[in-house]
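J.: Heads up: the sequence lines are chains A and B, in that order. Just so we're aligned, residue 3 is where the first sequence starts under this note's numbering, counting upward by one. Just so we're aligned, residue -1 is where the second sequence starts under this note's numbering, counting upward by one.
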Amino acid sequence: MRWTLRHLGWAAVLAALVAAWQAYVRLRGVPQYVLPAPTDVARTLWDERGPLASAAGVTAREMVAGFAVALAFGFAAAVGLHASATVRRAVYPLLVASQSVPVVAIAPILVIYLGFGLAPKLVIVALVCFFPITVAALDGFRSVSPEHVRVMRTLRASRIAVFRRVELPWALPSIFTGMRVAASYAAVAALFAEYAGADSGLGNAMREGTGQYDAPLVGAAVVVLAALALGLFGAVTLIERLTIPWARRVK
Amino acid sequence: MATAVGSPIELTGVTKRFGDLVALDGVSLAVAAGTVTGVVGPSGCGKSTLLELIAGLEEPSAGTLAVAGHPAPAGRLDRCALMPQSDLLMPWRDALGNASVAIENRGGGRRRARAEARPLFERLGLEGFERTRTWELSGGMRQRVAFARTLLAGKDVLLLDEPFGALDAITRAELQEWLRAALLAEPRTTVLVTHDIEEALLVCDRVAVMSTRPGRIVLELAAGYGDGERAAAIASPPFLEARSRALAALR
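This is how it looks when you write it as structure tokens:
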């Protein structure tokens, strides 16, 4: 019983919230186009499962591809920033400042430039995910214990060996933290990108649903999008547990 | 000696300043090839700095030092392996993986490095612990693995910085005997830094006593009391006399 409470407490809270929402809509007689009841959303989820699934496939592809690109570039950027103090001083402030440009603002420009396909979405998701990954990875590299590096140097380690055998493993927990943050941004970023111009995907479905006052459809799309976000987050967490099992045993 | 193993270490009037702080003041010390010299002194007398200087990780402010006739830091680093007080084992590697890291650093792959490290690993009493994770090792076993790692660097000179400082008295006594035996079996030019006079007298061939900051060598003693039975050695008049002379020099 105690185990159930500790591990499924969130489910109880969620169920209570959904029940309260259902009761509010039904008791107050709120029209469906204003606020759909959870049961309306659930029914739409089932009735529209085909179109929703294909829209989810499009959005998921944008999320995963953008995330992967951000990971590759973010990791490379962090390595470069870590390797050279000159590069760090020249680039890092600009990188931080670039975060003050809202991606929502540049999304339409990217759509004009890159069209309505996968490319602008991928770029937008990657732009959003890039920063947390880069900062976390750089943080990880900067926090490496200098004593470990020193000992490695007396153990015949080249610069590259020090990176591979000390700095990279040391930074991995931090990199995964950045990846988890980025994963939780990816869904919202994909949604923004699709709002800016798309002919498929969950964002597109939501925009169409809004235009037709089809609130249950919008709600259903939100549920699916949340599931995608959780899925990506969960996948990153799972990979983290499998690749660095030692991280939870030390520190 | 015809079969001299290891390099002689030669320090002449070595002074090291960090800003206004004089860590070492005119230290002269000669360590013959294949012998073990202990450096005893109170905490903060610059013992660790002495090892970093020998290892080529720091440069003296004045004076000269050479390892096997090599005065340049890169040449010294090439010949010295440093074992720090905190073992600095890497939790992302198992025990044998930690011990064999220096072989891996020379290239040739992980599996070959492990195979090459295994005989020494077993000779040092670590058989059966190959795959043990670092956080599952006791303090004494961690130091053994760290020592194996230092030996497997294949350097002529071992620099041991308070290797047993963090261990309980019983484990400490056990490891002192173990280290003496290991150094007889695998002779290297060794400098052992410790604040424990008995440890130095038992493990080392010679003992140099350092004063408190600025560190100076105030006494040099012949040692080598650790080859017989420990209890008898500690109670023998020559040992007691050496100990009281060292203690008097420390005051």
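Yeah, the Cβ is synthetic: ideal placement off N, Cα and C, and Gly gets one too.
Kindly indicate which three-state DSSP category residue 88 of chain B falls into: helix, strand or coil?
T.: It is coil, neither helix nor strand.
J.: Nearest chain A C-beta to residue 139 of chain B closer than 8 Å, yes or no?
T.: With 8 Å as the cut-off, residue 139 of chain B does not count as an interface residue toward chain A.
J.: What's the C-alpha gap between residue 95 of chain A and residue 146 of chain A?
T.: Cα to Cα, residue 95 of chain A sits roughly 22 Å from residue 146 of chain A.
J.: Let's see if you can read the secondary structure: which residues bound the beta strand (DSSP E) around residue 218 of chain B?
T.: Counting along the chain, the beta strand (DSSP E) containing residue 218 of chain B begins and ends at 215 to 220.
J.: Is there a C-beta anywhere in chain B that falls below 8 Å from the one on residue 149 of chain A?
T.: It does; some Cβ of chain B falls within 8 Å.
J.: Hey, residue 247 of chain A and residue 195 of chain A are a contact pair by Cβ (cut 8 Å); roughly how many whole angstroms apart?
T.: No, residue 247 of chain A and residue 195 of chain A are not in contact; Cβ-Cβ is about 35 Å, not under 8 Å.
J.: To which residues does DSSP link residue 78 of chain B through a beta bridge?
T.: Bridge partners of residue 78 of chain B: B:155.
J.: How many Å lie between residue 210 of chain A and residue 191 of chain A at the Cα?
T.: When rounded, the distance between both Cα atoms is 18 Å.
J.: Looking at the C-beta of residue 251 of chain A, does it have a partner C-beta in chain B at a distance below 8 Å?
T.: Judged by the 8 Å Cβ criterion, residue 251 of chain A is in contact with chain B.
J.: Between the C-alpha atoms of residue 41 of chain A and residue 189 of chain A, what's the straight-line distance to the nearest angstrom?
T.: Distance between the alpha carbons of residue 41 of chain A and residue 189 of chain A is about 24 Å.
J.: Give me the Cα-Cα distance between residue 172 of chain A and residue 252 of chain A, rounded to the nearest whole angstrom.
T.: Spanning the two alpha carbons is a distance of roughly 11 Å.
J.: When you measure from the CB of residue 233 of chain B to every non-hydrogen atom of the ligand HEM, does any distance come out below 7 Å?
T.: Among the ligands in the structure shown, none appear at all, so the ligand HEM cannot be discussed.
J.: Quick one: does residue 55 of chain B have its CB under 8 Å from some CB of chain A?
T.: Chain A, which has a Cβ nearer than 8 Å to the Cβ of residue 55 of chain B, makes this yes.
J.: Unbroken alpha helix (DSSP H) runs of length 4 or more, entirely within the region 27 to 57 of chain B: which are they?
T.: Whole alpha helix (DSSP H) segments, 4+ residues: 45 to 53.
J.: Counting only C-beta atoms, is residue 154 of chain B closer than 8 Å to chain A at any point?
T.: It does not: the Cβ of residue 154 of chain B has no partner Cβ on chain A nearer than 8 Å.
J.: Are there 16 or more other CB atoms within 10 angstroms of the CB of residue 195 of chain B, so buried, or fewer, so exposed?
T.: Residue 195 of chain B is buried by the Cβ-count criterion.
J.: Give the single residue among A:174, A:215, A:201 and A:221 whose Cα lies nearest to the Cα of residue 238 of chain A.
T.: Closest option to residue 238 of chain A, Cα to Cα, is A:174.
J.: Taking residue 103 of chain B as the query, report the chain A residues whose CB atoms sit under 8 Å from its CB, ordered along the chain.
T.: Ordered by position in chain A, the residues that pass the 8 Å Cβ test against residue 103 of chain B are 154, 157, 158, 159, 160, 163 and 167.
J.: Rounded C-beta distance between residue 97 of chain B and residue 158 of chain B? I'm assuming under 8 Å.
T.: 16 Å between Cβ atoms; not a contact.
J.: For residue 180 of chain B and chain A, any beta-carbon pair shorter than 8 Å?
T.: Closer than 8 Å: no.
J.: For residue 93 of chain A, collect the residues of the same chain with a Cβ closer than 7 Å to its Cβ; drop the 5 residues on either side in sequence, then sort them by chain order.
T.: Excluding positions up to five away in sequence, the list reads 83.
J.: May I ask you to report which of helix, strand or coil DSSP gives residue 119 of chain B?
T.: Reduced to three states, the DSSP call for residue 119 of chain B is helix.
J.: Of the residues that make up the region 72 to 88 of chain B, which ones have a beta carbon closer than 9 Å to any beta carbon in chain A?
T.: Under the 9 Å Cβ criterion, the region 72 to 88 of chain B contributes 75, 76, 78, 79, 80, 81, 82, 84, 86 and 88.
J.: Can you name the residues of chain A whose CB is closer than 9 Å to the CB of residue 100 of chain B?
T.: Near residue 100 of chain B (Cβ distances below 9 Å), the residues of chain A are 154, 156, 157, 158 and 159.
J.: Under a CB-based cut-off of 8 Å, is residue 108 of chain B close to chain A?
T.: Chain A, which has no Cβ nearer than 8 Å to the Cβ of residue 108 of chain B, makes this no.
J.: Given that a residue counts as buried once 16 or more other Cβ atoms are within 10 Å of its Cβ, and exposed if not, what is residue 10 of chain A?
T.: Counting Cβ neighbours within 10 Å, residue 10 of chain A comes out exposed, since fewer than 16 surround it.
J.: In chain A, what lies closer than 8 Å to residue 113 of chain B by C-beta?
T.: Chain A residues near residue 113 of chain B: none, gap ~18 Å exceeds 8 Å.
J.: Note down the Cα distance separating residue 102 of chain A from residue 166 of chain A, rounded to an integer number of angstroms.
T.: Going from the Cα of residue 102 of chain A to the Cα of residue 166 of chain A covers about 34 Å.
J.: When you compare the CB of residue 70 of chain B with every CB in chain A, is at least one pair closer than 8 Å?
T.: Chain A contact via Cβ: absent.
J.: So with Cβ pairs under 8 Å, would you call residue 126 of chain A a contact of chain B?
T.: No - not a single Cβ of chain B is within 8 Å of the one on residue 126 of chain A.
J.: What are the complete beta strand (DSSP E) segments, minimum 3 residues, inside the region 139 to 180 of chain A?
T.: Taking only runs of at least 3 residues, no beta strand (DSSP E) segment lies wholly in the region 139 to 180 of chain A.
J.: Hey, is residue 246 of chain A's beta-carbon within less than 8 Å of any beta-carbon in chain B?
T.: Judged by the 8 Å Cβ criterion, residue 246 of chain A is in contact with chain B.
J.: Could you compute how far the alpha carbon of residue 184 of chain B sits from the alpha carbon of residue 137 of chain B?
T.: Roughly 23 Å between the two C-alpha positions.
J.: Tell me residue 14 of chain B's beta-bridge partners as DSSP assigns them.
T.: DSSP output for residue 14 of chain B lists B:22 as bridge partner(s).
J.: CA-CA distance, residue 204 of chain B and residue 69 of chain B?
T.: Spanning the two alpha carbons is a distance of roughly 23 Å.
J.: If you run the structure through DSSP and keep just helix, strand and coil, what is residue 8 of chain B?
T.: DSSP places residue 8 of chain B in strand when its eight states are reduced to three.
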